[in-house]
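If you use my numbering, the sequence shown corresponds to residues 10 to 193, in order.
A quick write-up on the structure given underneath.
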Amino acid sequence: MAARLHIPPPPPGLPRRMRAWYIALAAILSAVVAAMPACPIQDAAGRPLWRVETVHDGDTVTCIDAANQPQKIRLKGIDAPEYDQPHGRESRQALAAKLAGGTVRVEGAARDQHGRLLGTLWIGDRDVNRELVFEGHAWVFGGFAPDPDLVSAESEARKAHRGLWAAPHPLAPQQWRAEHPSHR
């Protein structure tokens, strides 16, 4: 969103020549301010915050970055149930509820094969990715060297039968996608 500048009309009784200069200066100032990028929102430590635009599912969101550009973000290190999979809607709702404040800090630079930014979402000092795993709304994403904090959070969620772990045999999203290729 571009910055706005309110310039009052020229004062009454201003000579015609001065009015022309006043209007020209107002037009130039308005153009300069309109061309300026919006100031990014920052947290208390001066780090940029991104505005949450859309929660697609339990591990994918779109945010507006500090340059006012939309970025699709895949939450790094976790794999939430697909929307049509058991616990998929609950997983999406849990993420949407956490992001209801509207802004997050995003840590990440790599992109996945679909061009999405792989990132960790932070609200203050809260790691949203870890919270989703701890509450049983997502698995640790299987792969090379998973984050030990996420592994610990998943272990605790399993032991406490939280979220998707309350079901007798929850199916990992990767396996569910393999069995339901039309739902990709």
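Here a beta-carbon is modelled for each residue, glycine too, at the ideal position from N, C-alpha and C.
Beta-carbon proximity list for R139, same chain, < 7 Å, skipping 5 on both sides = D158, L159 and A162
Margin query: So, with DSSP's three-state summary, where would you put Q102?
Written below: Note: Q102 maps to helix in three-state DSSP.
Using a Cβ-Cβ cut-off of 6 Å (strictly less than) and excluding sequence neighbours within five positions of E99, which residues of its own chain qualify?
Cβ neighbours of E99 beyond the five flanking positions: none.
### Query
The beta strand (DSSP E) spanning Q80 covers which residue range?
Where Q80 is concerned, the enclosing beta strand (DSSP E) starts and stops at P79 to L84.
Sheet register partners of R135 (DSSP bridge)
I132
Notebook entry, point to check: DSSP three-state call for Q122: helix, strand or coil?
Noted result: Coil.
Original post:
Is it true that the CB of F153 sits closer than 9 Å to the CB of I87?
Top reply: no
Backbone CA spacing between P90 and A118 [nearest angstrom]:
24 Å
- Task: Run the CB neighbour count on Q80, radius 10 Å, all protein chains shown included, and call it buried at 16 or more, exposed below.
- Result: buried
Three-state secondary structure assigned by DSSP to E91
Three-state result, E91: coil.
Quick check on DSSP: helix, strand or coil for D158?
In this structure, D158 counts as helix in the three-state DSSP scheme.
Tell whether a beta-carbon distance below 9 Å holds between L108 and V142. Cβ distance not < 9 Å, so L108 and V142 don't count as in contact.
Check: Comparing alpha-carbon positions, which option in L173, Q184, G133 and R120 lies nearest K85?
Finding: Scanning L173, Q184, G133 and R120 for the CA closest to the CA of K85 turns up R120.
Between which two residues does the alpha helix (DSSP H) containing R186 stretch? R186 -> alpha helix (DSSP H) spans P182 to E188.
D66, buried or exposed, once every other Cβ within 10 Å from all chains shown has been counted against 16 | Classification for D66: buried.
Does the beta-carbon of R125 have 16 or more other beta-carbons within 10 angstroms, so that it is buried, or is it exposed? buried
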